[in-house]
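Data block below; observations after.
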Amino acid sequence: MSEIERVKAAAREHRARTIIGAGGGKVLDTARAAADGLRLPVVNCPTVASSDAPCSALSVIYTDEGVFQEYRIYGKNPDLILVDTHVIAQSPPRLLVAGMGDALATWFEAKTCVEGNVKNMRGGASTESALALAELCYRTLLNDGADARRALEMKVVTPALERLVEANTLLSGLGFESSGLAAAHAVHNGLTAAAATHPYFHGEKVAYGALVQLVLEGKPRPLLSEVMEFSSEVGLPVTLGQIGLGELAAEELTRIATRATAQGETIHNEPFEVSPEMVADAIRAADAAGRAWRRKDR
Ligand SMILES: [Zn+2]
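272 is the number that numbering that gives the first Met the number 0 gives to position 273 of the sequence shown; each next residue is one higher, with no gaps.
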């Protein structure tokens with residue numbers, strides 16, 4: 000909130016006619032919030048493909064300490080989203096991979112919302128086309144994720160990178176906003192209550208949240224394996240230790256699970272009632288599955 004107010008004051012001082020956000024997710028979220036407050040057009044230029052923030056009409060607000068606070072929903076999406084893949088190719092591979100983590104959850108969360116017939120992020124109904132885009136997002140990750148990561152390591156632009164950037168930025172953005180979020184993002188929000196996870200990116204925690212959602216929903220083993228294989232290949236976390244929670248005390252886990260199931264959280268879009276205990280169990284079970292997977296991997 001303090002950063003949004005600072006940008007608004009600077010824009011007023013310069014009599015700005017347009018707000019242009021260039022950078023990562025928090026920068027773009029701040030630009031959108033400032034533009035909404037001042038009723039100005041907003042242009043988003045992501046310099047990393049680290050989340051699905053660029054296309055959305057909402058901002059995720061964190062406290063100055065980095066704890067999730069709220070979603071702020073706006074009346075319109077950005078006026079222009081400009082992505083130059085030559086710029087993305089210069090960004091750290093870990094950020095692109097984090098974007099894959101955010102995009103990994105999109106299809107699973109969208110499908111859960113549509114099957115449960117719940118409202119999307121705008122309070123409306125999902126559409127077949129939104130769901131198809133969310134599925135295309137997941138398929139693109141599986142097909143192009145690893146190659147796109149290698150392209151970034153070489154700082155080159157390839158068709159795989161172009162498609163992957165589209166998935167991380169556009170498909171994931173349209174998918175989550177038009178179909179909805181479920182357990183994966185709520186678990187992410189819960190994880191932000193543990194300070195040890197703060198050095199890890201939004202998408203890295205969402206990727207772990209996606210795994211927790213699949214466990215919570217009792218999804219079949221082959222799907223879990225597919226997700227863990229993809230995550231391991233591109234470098235997304237499948238265990239608690241990979242997001243700073245190798246030693247997770249019971250009280251900390253309770254705090255995470257309680258935050259994940261707070262009133263108004265998207266975890267309540269799941270088609271069954273979700274208690275903090277169920278989330279805590281799924282967080283532990285996903286970690287056990289991930290550790291077993293990594294042992295086999297080696
Ligand atoms: Zn996200």
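All C-beta atoms in this analysis are idealised placements derived from N, C-alpha and C, irrespective of residue type, glycine included.
Keep in mind that this is a model prediction, so the values were computed, not measured.
- Collapsing the DSSP output to three states places Cys-44 in a strand.
- For Leu-37, the uninterrupted alpha helix (DSSP H) segment begins and ends at 24-37.
- Of the residues assessed, Met-153 falls on the exposed side of the cut-off, its CB having fewer than 16 other CB atoms within 10 angstroms.
- DSSP, read as helix, strand or coil, puts Ser-49 in coil.
- Distance from the Cα of His-197 is smallest, within the candidate group Gly-243, Gly-123, Leu-210, Asp-280, for Gly-243.
- Listed in chain order, the alpha helix (DSSP H) elements of length 4 or more contained wholly in the region 153-221 are 158-165, 171-178, 182-190, 201-215.
- Within its own chain, the residues whose Cβ lies closer than 7 Å to the Cβ of Phe-107, once the five positions on either side in sequence are excluded, are Ala-183, Ala-209, Gln-212, Leu-213, listed in chain order.
- Between the region 38-55 and the region 12-30 there are three or more C-beta pairs closer than 8 Å, enough to call the two in contact.
- Judged by DSSP in its simplified three-state form, Gln-89 adopts coil rather than helix or strand.
- For the pair Ala-256 and Met-277, the Cα-to-Cα distance works out to about 8 Å.
- Contact between the region 118-132 and the region 200-208 is absent: fewer than 3 CB-CB pairs across the two stretches fall below 8 Å.
- Just measuring C-alpha positions, the residue of Ile-60, Pro-236, Asn-167, Glu-216 sitting nearest Tyr-207 is Pro-236.
- The distance from the Cβ of Ala-88 to that of Leu-151 is about 6 Å, consistent with a contact at the 8 Å cut-off.
- Under the Cβ criterion (8 Å, minimum of three pairs), the region 126-136 does not count as touching the region 90-101.
- Taking 9 Å as the cut-off, the beta carbon of Thr-238 is found closer than this to the beta carbon of Arg-290.
- Checking the 8 Å criterion, the Cβ of Ala-52 is within range of a heavy atom belonging to ligand 1.
- When DSSP reads this structure, Ser-58 sits in a beta bridge with Arg-71.
- Where Leu-252 is concerned, the enclosing alpha helix (DSSP H) starts and stops at 249-259.
- Between Tyr-70 and Val-59 the beta-carbon gap is near 6 Å, inside 8 Å, which marks them as a contact.
- The criterion of a C-beta distance shorter than 9 Å is not satisfied by Lys-110 and Leu-81.
- In the DSSP secondary-structure assignment, Ile-18 is bridged to Val-41.
- Approximately 5 Å separates the beta-carbon atoms of Phe-175 and Thr-105; this is inside 8 Å, confirming the contact.
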